[in-house]
Structures are given as structure tokens and as C-alpha cells.
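A short worksheet on the structure shown next.
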Amino acid sequence: MGVLTRRNVVIILMSIELILNAVNINLIAFSHALHNVNGQVFAIFVITDAVAEAAVGLGILIALFRNKETVQSDEMDILKW
Amino acid sequence: MTAGRLLRKIFLVDLFQGLAVTFGYQKPKYIVTEQYPAERPKVAERYRGAPRLNNNPENGETLCIACNLCALACPENLIVVGAERNEQTRRKELTTFTYDLSRCMFCGLCEDACPVDALELTQDFELASYSRPGMIWDRQMLEEGPAQAIQMLTDINAILFYVFAALVLGGGILTITQRNAVHSAISLIVSLLGVAGLYLLQQAEFLFAVQIVLYVGGIMLLFLFVIMLVNLDQAAHQRQFNKQWLVALAAVAAVGVQIGYFLYRGQDAFHFAEAVTGLPPGLGNTEALADSLFSEYLLPFEIASVLLLVAVVGSVVMAKKRI
Numbered sequence: 003m004g005v006l007t008r009r010n011v012v013i014i015l016m017s018i019e020l021i022l023n024a025v026n027i028n029l030i031a032f033s034h035a036l037h038n039v040n041g042q043v044f045a046i047f048v049i050t051d052a053v054a055e056a057a058v059g060l061g062i063l064i065a066l067f068r069n070k071e072t073v074q075s076d077e078m079d080i081l082k083w
Numbered sequence: 003m004t005a006g007r008l009l010r011k012i013f014l015v016d017l018f019q020g021l022a023v024t025f026g027y028q029k030p031k032y033i034v035t036e037q038y039p040a041e042r043p044k045v046a047e048r049y050r051g052a053p054r055l056n057n058n059p060e061n062g063e064t065l066c067i068a069c070n071l072c073a074l075a076c077p078e079n080l081i082v083v084g085a086e087r088n089e090q091t092r093r094k095e096l097t098t099f100t101y102d103l104s105r106c107m108f109c110g111l112c113e114d115a116c117p118v119d120a121l122e123l124t125q126d127f128e129l130a131s132y133s134r135p136g137m138i139w140d141r142q143m144l145e146e147g148p149a150q151a152i153q154m155l156t157d158i159n160a161i162l163f164y165v166f167a168a169l170v171l172g173g174g175i176l177t178i179t180q181r182n183a184v185h186s187a188i189s190l191i192v193s194l195l196g197v198a199g200l201y202l203l204q205q206a207e208f209l210f211a212v213q214i215v216l217y218v219g220g221i222m223l224l225f226l227f228v229i230m231l232v233n234l235d236q237a238a239h240q241r242q243f244n245k246q247w248l249v250a251l252a253a254v255a256a257v258g259v260q261i262g263y264f265l266y267r268g269q270d271a272f273h274f275a276e277a278v279t280g281l282p283p284g285l286g287n288t289e290a291l292a293d294s295l296f297s298e299y300l301l302p303f304e305i306a307s308v309l310l311l312v313a314v315v316g317s318v319v320m321a322k323k324r325i
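In C-alpha cells, the structure reads:
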């Protein structure tokens with residue numbers, strides 16, 4: 003919901019982390035209910051992915067900010083400036 | 003002092019020789035520690051543990067005939083048998099039965115004395131109580147056993163689940179609605195800590211630790227640094243939500259309703275596997291996870307490390323001023 007609604011790119015990135023955490027909770031709950039450790043292994047990989055994506059996303063944000071001086075997603079609307 | 007003795011003194015050779023002997027006696031493979039709550043020790047069949055008043059398995063009535071022999075046999079005089087005479091059958095019927103467990107020495111004389119095998123000492127040894135009066139068992143406790151402890155555990159589990167779930171949901175809602183980006187980040191930290199608590203309740207201890215160290219301690223710190231760098235003060239004064247927020251809200255509500263409907267309709271197909279009783283000793287959550295990760299999922303593990311390398315290089319490249 004935050005991903006679709008907010009203008010501020012940093013908050014969009016934080017909402018993506020929330021989505022990934024929701025998936026993780028689901029995986030671990032099922033892993034506990036079905037007494038299978040595969041869910042937790044998958045959750046480790048999801049956390050790894052989230053870390054990688056957060057790092058790269060924030061790097062992109064910094065590069066954009068340096069060029070455009072804004073973090074509002076509405077104003078980043080031309081592909082070449 | 004000769005060179006040899008000097009060198010031996012500097013490098014503490016004697017100390018290491020002694021340590022070698024000590025470590026040589028270690029045998030980590032033969033762990034004999036009993037992992038207590040996960041596995042309980044086996045007691046003998048004739049072990050004298052918690053008392054139990056038996057009932058007739060056919061009609062559920064008590065086997066006790068209120069003869070008072072157990073109370074007479076007890077060396078501590080801690081059994082009190084209450085009975086009243088039934089006028090129709092002209093027999094004594096048991097009304098109350100009080101057993102003071104705090105003074106009992108579990109000698110089993112009462113069990114031996116009972117002519118109808120109504121009083122029996124079971125193999126239950128977990129008899130701790132939070133209060134002195136709690137150790138005096140009445141008839142209902144004697145017949146049904148101390149099941150209250152398990153009840154309290156499930157209650158605490160449920161309470162903690164709701165607390166952590168409230169943290170997660172509250173933190174999430176605050177994250178997407180706050181005006182100030184730093185407030186948003188702090189709400190996300192609270193939410194992630196709630197998630198870590200949920201992991202702990204599901205007995206995923208390794209992921210609980212990883213979540214706190216990596217997610218809260220790593221990613222959220224990174225977010226906070228970037229927020230400070232990017233200086234979102236003037237962004238906080240502008241419009242926060244974009245133009246399509248109403249459509250987004252409608253779409254999210256539609257998906258939410260669908261998910262709720264499917265969960266509601268499918269709840270009967272949802273049965274949990276049988277509880278695994280008696281885990282092999284020494285196989286905690288981390289070990290089981292490591293077993294699986296490094297044998298079955300070794301290839302994804304290596305690919306994940308390559309992915310992290312790519313991410314590190316990528317983020318450095320993206321954030322540099324001049325490549």
C-alpha cells in the first residue's frame with residue numbers, strides 16, 4: 003500500500019521491505035506448522051535478497067538525488083535530462 | 003638463560019602443552035547433556051511420582067471406596083478422605099479427597115494400602131507449583147493431573163503473539179502514513195522487531211537473531227544514513243501521497259478481501275502435521291538449518307553470495323560521484 007501510494011522514494015523502499023517481511027513471516031509460520039526446515043532456509047534467502055535490493059535501491063536513490071535534487075517520485079518523470 | 007629456554011618462555015610453550023592435554027580429553031561428539039524441556043528423561047515403570055485417583059474406565063466413576071486405608075497408612079498423615087454414607091446403597095461414597103503434596107515423601111505406602119488400586123503414584127515428576135496452597139491437591143486435581151501448567155504456557159504463547167502482531171501491524175501502518183521520513187524509519191524498526199519476536203514464537207531462533215542483526219542493525223541503519231544524506235526536510239512539507247492514492251486503496255482493499263475470503267473458505271483444508279515428539283538430542287534450530295542449508299541448498303547458497311557481491315559492487319558504482 004505504501005509502495006503504491008507514497009511519493010517519497012525512500013518510503014517506497016521501506017514499504018518494499020515491509021512486503022518482504024510479510025512473506026518471511028508466512029514462510030516461517032508454515033515451516034513451524036509443517037515441521038519442515040525448508041521454509042526457514044527460504045526465509046534466509048529472502049532476507050539476503052532484501053539486503054541486496056535495499057543496498058542497490060538506496061544507491062540508485064542517491065545517484066538520482068544528486069542529479070535531480072528531489073526524492074519525490076512524481077518529479078522524476080522524464081527519462082533524460 | 004639459554005636461547006631455547008628464553009623462546010619457550012616468550013611463546014608460553016608450557017601453557018600450550020598443558021592446554022593440549024586438556025583439550026585432548028574433550029570429546030564433543032559424546033554430548034550426554036539431556037536437553038531438558040525438549041526431551042524428558044525416561045523414568046522407570048514403578049517410579050513413584052505424582053498421585054492419581056483412578057476412575058472406572060467404563061462409567062467414569064471413581065474407584066475409591068473411601069475406606070480410609072491410604073490415610074491410615076501414610077507416615078505423614080497428609081491424606082484426608084471425606085465420605086458420606088449413601089442411604090440407598092448403604093455404602094460410603096467419596097466426596098472429598100485431599101492430598102498434601104508438599105509433605106509427601108512418595109514412599110508409596112498409600113498406593114500399596116489401597117485395596118481397589120484407586121490411588122496410584124504415576125511417573126509424572128514435574129510437580130512444581132507457584133504457591134504453597136497450590137501443592138495441596140484436591141480430588142479434581144488428583145484425578146485429572148496437573149495440566150494447568152500446559153494451559154498457562156499456551157496462554158502466554160497467545161498473549162505474546164498478539165503483542166508482537168500488534169507491533170508489526172502498528173509499525174507498518176505508521177511507516178506508510180508518517181510525514182517525517184525519520185519517524186517512518188523508526189516505525190519500521192519497531193515493526194521489524196515485532197517480526198523478530200514472531201519468529202522467536204515460531205521457534206526459529208536463528209532467524210530471530212539474523213533478523214535483528216541484519217535487518218534492524220544493517221538495513222535500517224542504511225536507510226537512516228540515506229535519509230540524513232538526502233535531507234528530506236522540504237520533502238516533508240510537500241504533498242505526501244500521490245494522485246492515484248484512491249485507486250491504490252481500492253485495489254489493496256480488493257486484494258485484501260479476496261485473501262480473507264480464500265482463507266475463510268479454505269480453513270478446513272488446513273491441518274497441521276503431527277507434533278514431532280522427542281527431537282534427537284543436540285539438534286537445535288540452528289543445526290537443523292545449517293544441515294539443510296549446506297547440503298541440500300548449497301547451490302542457492304553460493305548463488306546468494308554471488309548476488310551479494312554483485313549488489314555490493316552495484317551500489318558502490320551507483321553511489322559514486324564519478325565512475
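Read top to bottom, the protein sequences are chains A and B.
According to my numbering, the first sequence holds residues 3 to 83 in order.
According to my numbering, the second sequence holds residues 3 to 325 in order.
Built from N, CA and C at the ideal position, the CB exists for glycine as well.
Going by DSSP in three states, residue i sits in which element: helix, strand or coil?
i               : result
L121 of chain B : strand
F108 of chain B : coil
F208 of chain B : helix
L17 of chain B  : helix
E276 of chain B : Summary for E276 of chain B: the model assigns pLDDT 49, below 50, so the residue's position carries little reliability; its value from the coordinates is reported in the next sentence. Three-state result, E276 of chain B: coil.
F166 of chain B : helix
V12 of chain A  : helix
N56 of chain B  : coil
E67 of chain B  : Sequence inspection shows Ile at residue 67 of chain B; the Glu mentioned does not correspond to that position. Three-state DSSP puts I67 of chain B in coil, outside helix and strand.
S133 of chain B : coil
R267 of chain B : helix
L36 of chain A  : coil
G172 of chain B : helix
Q213 of chain B : helix
E19 of chain A  : helix
F127 of chain B : coil
N1 of chain B   : As shown, chain B starts at 3 and ends at 325. That puts residue 1 of chain B outside it, with no answer to give.
Q260 of chain B : helix
C72 of chain B  : helix
If I follow the unbroken alpha helix (DSSP H) through residue i, where does it start and stop?
i               : result
D51 of chain A  : N40 to K70
P302 of chain B : L300 to A321
Y32 of chain B  : It is not in any alpha helix (DSSP H) - Y32 of chain B carries neither H nor E in the DSSP assignment.
D293 of chain B : N287 to S297
G196 of chain B : A183 to L203
F225 of chain B : M222 to V232
Exposed or buried, which one is residue i when buried takes at least 16 other CB atoms within 10 Å?
i               : result
E19 of chain A  : buried
N26 of chain A  : buried
Q260 of chain B : exposed
G258 of chain B : exposed
Y38 of chain B  : exposed
M10 of chain A  : Contrary to the premise, residue 10 of chain A reads as Asn rather than Met in this sequence. Buried, since its Cβ has 16 or more Cβ neighbours within 10 Å.
G219 of chain B : exposed
L14 of chain B  : exposed
According to DSSP, residue i sits in a beta bridge with which residue or residues?
i               : result
K94 of chain B  : B:R87
D102 of chain B : B:I138
D43 of chain B  : Residue 43 of chain B is actually Pro in this sequence, not Asp. P43 of chain B is not bridged to any residue.
F243 of chain B : A:R8
V82 of chain B  : B:T100
Which two residues bound the contiguous beta strand (DSSP E) that contains residue i?
i             : result
R7 of chain B : It is not in any beta strand (DSSP E) - R7 of chain B instead sits in the alpha helix (DSSP H) that spans A5 to I12.
Whose CA, out of the options, lies closest to the CA of residue i?
i               : options                           : result
I81 of chain B  : B:E60, B:L223, B:N57 and B:P53    : B:P53
A46 of chain B  : B:L311, B:A40 and B:L123          : B:L123
P77 of chain B  : B:K94, B:G110 and B:I158          : B:G110
R50 of chain B  : B:F127, B:G84 and B:I67           : B:F127
L291 of chain B : B:L209, B:V312, B:F18 and B:L176  : B:L209
N40 of chain A  : B:P302, B:V312 and B:I138         : B:P302
Q125 of chain B : B:Q204, B:L194 and B:P43          : B:P43
L200 of chain B : B:G286, B:N287, B:Y164 and B:Q246 : B:Y164
I49 of chain A  : B:E36, B:V215 and B:S297          : B:V215
L251 of chain B : B:K322, B:M230, B:L129 and B:T179 : B:T179
Indicate, with yes or no, if the ligand ZN has a heavy atom lying under 7 Å from the CB of residue i.
i              : result
R50 of chain B : As for the ligand ZN, it is missing from this structure, which has no ligand bound.
Find the residues of chain D that neighbour residue i, judging by a C-beta separation of less than 7 Å, and give them in chain order.
i              : result
I62 of chain A : Among the chains of the structure shown, chain D does not appear; the protein chains present are A and B.
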